Amino acid sequence: GDSVTQMEGPVTLSEEAFLTINCTYTATGYPSLFWYVQYPGEGLQLLLKATKADDKGSNKGFEATYRKETTSFHLEKGSVQVSDSAVYFCALTTSGTYKYIFGTGTRLKVLA
Amino acid sequence: DAGITQSPRHKVTETGTPVTLRCHQTENHRYMYWYRQDPGHGLRLIHYSYGVKDTDKGEVSDGYSVSRSKTEDFLLTLESATSSQTSVYFCAISGGQFMGTQYFGPGTRLTVL
Chain A
1 GDSVTQMEGP
11 VTLSEEAFLT
21 INCTYTATGY
31 PSLFWYVQYP
41 GEGLQLLLKA
51 TKADDKGSNK
61 GFEATYRKET
71 TSFHLEKGSV
81 QVSDSAVYFC
91 ALTTSGTYKY
101 IFGTGTRLKV
111 LA
Chain B
113 DAGITQSPRH
123 KVTETGTPVT
133 LRCHQTENHR
143 YMYWYRQDPG
153 HGLRLIHYSY
163 GVKDTDKGEV
173 SDGYSVSRSK
183 TEDFLLTLES
193 ATSSQTSVYF
203 CAISGGQFMG
213 TQYFGPGTRL
223 TVL
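Heads up: the sequence lines are chains A and B, in that order. Position 93 (the first sequence) corresponds to 93 in this note's numbering; numbering is contiguous. Position 73 (the second sequence) corresponds to 185 in this note's numbering; numbering is contiguous.
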């Protein structure tokens, strides 16, 4: 079945460091891919998405490129801030289903 | 922000008691979902609905039932709560747009003693 694999956390970085959170997927067909962010005590919020191969999603300085050849959707940010500390989830959905598959989440902690 | 509310936001109950969680949306979206979030497991789908009175099971549906009598409300019931159902429960909606975005409510923290 479809699945999403994220790198284990927690990830601890200093402010202004470069961030990469890896996400790979397995899916039948051609999925849409998403990154969600969850701040403490809140629900998940959409961070960015991509709906077809080679699309780049971007928002708030975060970027991710839909790589069909490597089945990956890695999240990157050039310079993280303390306010980026949160849990990040990679997710997918595929045509023909309205179910969404989530990774287990990666906790990011940014130190001042 | 998508108009999704969940009630209650926090609940403590005892083993064996029935519990109902409510999700309410103002977006008129067709699809509604219930997930539970537990450390090390991420989000796991309990049940979802694809229309009024149309529901289906997710991967962890045992011990849970749902009902949707109106487009805007989706209820999750634990018929007889167990300690293993202590979790944070999230409701989500999607509009049914082809492979579109899912939007989440603020969550309900349930503790079963």
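Even for Gly, the Cβ is constructed at its ideal location relative to N, Cα and C. Since we're looking at a predicted model, the values are computed, not measured.
Comparing alpha-carbon positions, which option in the options lies nearest residue i?
{"i": "Gly154(B)", "options": "Lys99(A), Val11(A), Tyr88(A), Glu16(A)", "result": "Tyr88(A)"}
{"i": "Met144(B)", "options": "Thr220(B), Ser195(B), Ser206(B)", "result": "Ser206(B)"}
{"i": "Cys203(B)", "options": "Gly163(B), Tyr162(B), His136(B), Arg142(B)", "result": "His136(B)"}
{"i": "Arg221(B)", "options": "Gly128(B), Tyr162(B), Arg180(B), Gln149(B)", "result": "Gln149(B)"}
{"i": "Gly105(A)", "options": "Trp35(A), Ala64(A), Asp54(A), Gly41(A)", "result": "Trp35(A)"}
{"i": "Tyr176(B)", "options": "Thr198(B), Asp166(B), Thr167(B), Thr189(B)", "result": "Thr189(B)"}
Could you tell me whether the Cβ of residue i comes closer than 8 Å to any Cβ of chain D?
{"i": "Thr12(A)", "result": "Reference to chain D is not applicable here, since the protein chains of this structure are A and B."}
Which first and last residues belong to the beta strand (DSSP E) in which residue i is found?
{"i": "Asp185(B)", "result": "185-190"}
{"i": "Gln137(B)", "result": "131-137"}
{"i": "His122(B)", "result": "122-125"}
{"i": "Met144(B)", "result": "143-150"}
For residue i, name the three-state secondary structure that DSSP assigns.
{"i": "Ser79(A)", "result": "coil"}
{"i": "Ser181(B)", "result": "strand"}
{"i": "Ser95(A)", "result": "coil"}
{"i": "Asp168(B)", "result": "strand"}
{"i": "Ser85(A)", "result": "coil"}
{"i": "Ser58(A)", "result": "strand"}
{"i": "Ser72(A)", "result": "strand"}
{"i": "Ser195(B)", "result": "helix"}
Could you tell me the distance, in whole angstroms, from the CA atom of residue i to the CA atom of residue j?
{"i": "Leu133(B)", "j": "Ser195(B)", "result": "16 Å"}
{"i": "Thr183(B)", "j": "Ala86(A)", "result": "32 Å"}
{"i": "Leu187(B)", "j": "Val178(B)", "result": "5 Å"}
{"i": "Gly9(A)", "j": "Leu44(A)", "result": "18 Å"}
{"i": "His117(B)", "j": "Thr138(B)", "result": "For the record, residue 117(B) in the displayed sequence is Thr; it is not His. Cα to Cα, the separation comes out at about 9 Å."}
{"i": "Pro151(B)", "j": "Thr198(B)", "result": "11 Å"}
Got a sec? Which residues, its chain only, sit under 6 Å from residue i by beta carbon, not counting five neighbours each side?
{"i": "Glu16(A)", "result": "Ser79"}
{"i": "Gln214(B)", "result": "Ala204, Ser206"}
{"i": "Tyr25(A)", "result": "Val4, Thr71, Leu92"}
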